[in-house]
Amino acid sequence: MIGPDFPRTLAEFQRRFTTDDECRRYLVDCRWPEGYQCPRCGHAQAYELSTRGLLQCKSCRHQVSVTAGTVLHRTRVPLQLWFSAAYLVTTHTPGFSAVQLQRQLGLTRYETAWTMLQKLRRAMVRPERDRICGTVEVDETYVGGVEEGRRGGRQRDSNKSIVVGAVEVRGRGSGRIRLAVVEDLSAASLVPFVEASVEPGSILLADGWQGYAPLRKTYDYRPSTVGNPKKAAKLLPRVHQTFSNLKTWLKGTHHGVSSKHLPHYVNEFVFRFNRRRKPMAAFQSLLGLTTQHAPTTHKMLYMADPSG
Ligand SMILES: [Zn+2]
48 MIGPDFPRTL
58 AEFQRRFTTD
68 DECRRYLVDC
78 RWPEGYQCPR
88 CGHAQAYELS
98 TRGLLQCKSC
108 RHQVSVTAGT
118 VLHRTRVPLQ
128 LWFSAAYLVT
138 THTPGFSAVQ
148 LQRQLGLTRY
158 ETAWTMLQKL
168 RRAMVRPERD
178 RICGTVEVDE
188 TYVGGVEEGR
198 RGGRQRDSNK
208 SIVVGAVEVR
218 GRGSGRIRLA
228 VVEDLSAASL
238 VPFVEASVEP
248 GSILLADGWQ
258 GYAPLRKTYD
268 YRPSTVGNPK
278 KAAKLLPRVH
288 QTFSNLKTWL
298 KGTHHGVSSK
308 HLPHYVNEFV
318 FRFNRRRKPM
328 AAFQSLLGLT
338 TQHAPTTHKM
348 LYMADPSG
């Protein structure tokens, strides 16, 4: 998404958004990067209706709310506090708590901080909708237990969860990622994940596990047969690095996570990873600024952030 530029430091951020008016102007800039346009008649000028966050078309008098479709709609919390909260959650170490947020924003009520945090996190735990593409490494791992003998006994340890991952190959590094918790290692579990996560026709690098075999119908599937997990890490380095980062994050930040909550944390990890170099995209996603209901034109599609 193209839009106004994003402050690089907290100080810059705070200088820029000192009033709710400045926040509202930012919302308008996000929504109409090339200037306001009436969704009904296409007119390019509008009045701002006081502090209600409404724009009224100068030609047909149609009113648009600048917060519609965002987390900020009909909130009683000042926009400026929402902006600060989203900035902190975006730029801070993962695992920002409601207590920290309450303290940082100087909120009197803990409940307000908690509710805001929940709403902001909702954007992060929503699974990514578009599919990654190109050359993609696919593999799976156990989370929350000893890793040995991953397919050996095929016995399900109830303390362990299976996470399947797909990672774009970008030169020597990684592009976008997708991760999901799956029930087991069967084709019935693995194939739907890949189909939902990777564009058909992409090159799939995997380790030759039979659960992936049906994918050869829709993908350029290139299995390499390996028996031992150490070799797999060498042949599929990016997806293994991703698993390792995920596990470090779960342990370090969240001190381990129950299997019940794992899917949410996995989605948050994906959200953060895919926007690690794009704080503005993360900030806008958290506030819901990228899910606008404005008419979609070809130009907007072209400008859309691929990791949306
Ligand atoms: Zn109009």
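Numbers in this note's numbering are just positions in the sequence shown, counted from 1, shifted up by 47.
Where is the CB? At the ideal position from N, CA and C, for every residue including glycine.
Bridge partners of Ala253 according to DSSP: Pro270. In the three-state scheme derived from DSSP, where H, G and I count as helix and E and B as strand, Cys107 is classed as coil. Distance from the C-beta of Arg87 to the nearest heavy atom of ligand 1 is below 7 Å. Here Asp76 carries a helix assignment [DSSP, helix/strand/coil].
For Ala329, the three-state secondary structure derived from DSSP is helix. Within the DSSP secondary-structure output, Arg217 pairs in a beta bridge with Gly220. Counted as a single uninterrupted DSSP element, the stretch harbouring Glu230 is not any beta strand (DSSP E), since DSSP gives it neither H nor E. Ranked by Cα distance from Leu232, the first of Arg217, Ile250, Asp186 and Thr65 is Asp186. Taking 8 Å as the cut-off, the Cβ atoms of Arg178 and Ser244 count as close. The segment 163-181 makes contact with the segment 308-319; the number of CB pairs closer than 8 Å reaches 3 or more. Pairing His120 with Cys88 gives a Cβ-Cβ distance that is not under 8 Å. By the beta-carbon neighbour count (other beta carbons within 10 angstroms, threshold 16), Cys85 is buried. Look at Tyr83 here: in three-state DSSP terms it is coil, with no helix or strand label. For Tyr94, the uninterrupted beta strand (DSSP E) segment begins and ends at Ala93 to Leu96.
Each residue's CA atom was taken as its position, placing Val124 and Phe53 some 22 Å apart. Not one heavy atom of ligand 1 sits closer than 7 Å to the Cβ of His287. For Thr289, same chain residues with a beta-carbon under 8 Å away, outside a window of 5 residues either side, are Gly212, Val214, Ser221, Ile224, Leu226 and Phe320 in chain order. If you draw a straight line from the Cα of Thr114 to the Cα of Val183, it comes to about 37 Å.
Note on Lys166: 16 or more other CB atoms within 10 angstroms of its CB, so buried under the neighbour-count rule. Straight-line measurement puts the Cα of Leu297 at about 28 Å from the Cα of Glu246.
Sequence-distant partners of Ala280 (beyond 5 residues in either direction) whose C-beta falls short of 7 Å from its own C-beta, in its chain, are His287. In this structure, the alpha-carbon of Tyr312 lies about 32 Å from that of Arg62. In this structure, Arg269 places its C-beta atom within 8 Å of the C-beta atom of Leu252. Thr159: not part of any beta strand (DSSP E); member of the alpha helix (DSSP H) spanning Tyr157 to Val172, first to last residue.
Within the same chain, Ser236 come within 6 Å of Glu230 by CB-CB distance, once the 5 residues on both sides are set aside.
Approximately 30 Å separates the beta-carbon atoms of Leu283 and Thr137; this is outside 8 Å, ruling out the contact. Scanning Gln331, Ser97 and Ile209 for the CA closest to the CA of Tyr134 turns up Gln331. CA-CA distance, Leu57 to Trp79, rounds to 25 Å. Boundaries of the beta strand (DSSP E) around Glu184: Thr182 to Val190.
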